[in-house]
Amino acid sequence: MIIGLGTDIVEISRIKKAIERTSTFLEKVYTKKEIEYISRKKNPYPSYAGRFAAKEAISKAFGTGVREFGLLDIEI
18 MIIGLGTDIV EISRIKKAIE RTSTFLEKVY TKKEIEYISR KKNPYPSYAG RFAAKEAISK
78 AFGTGVREFG LLDIEI
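Residue numbers 18 to 93, in this note's numbering, belong to the letters of the sequence shown in order.
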């Protein structure tokens, strides 16, 4: 059964700037497991952006948006 469908596109540069500008961005958006996994990559920003887009798409599929439940409630 399909509950909903969500899609999202995020610019990698936007996520990179957010990470560099805000010291708490990673902890507010990504779980510890996601951060540990992505931080091992040579260029982590595409992975961070992809996961951010996936989390937003999931919230759209549920029809709630990211305000109804936290991004930390979703682990990609």
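Glycine included, each C-beta is placed from N, C-alpha and C at the ideal position.
Nothing here was measured: the structure is a model prediction, and the numbers come from that model.
* To do: Give a yes or no on whether the C-beta atoms belonging to Gly23 and Ala78 are separated by under 8 Å.
  => Yes, the Cβ-Cβ distance between Gly23 and Ala78 is below 8 Å.
* **Residue burial classification, Glu37 (beta-carbon count within 10 angstroms, cutoff 16)** => exposed
* Pull up the CB-CB distance for Ile93 and Arg68, whole angstroms please, since I reckon it's below 8 Å. => About 4 Å separates the two Cβ atoms, so the contact holds.
* Using CA coordinates, which residue listed in Ser30, Ile91, Ile26 is at the minimum distance from Asn60? -> Taking only the C-alpha atoms, the option nearest Asn60 is Ser30.
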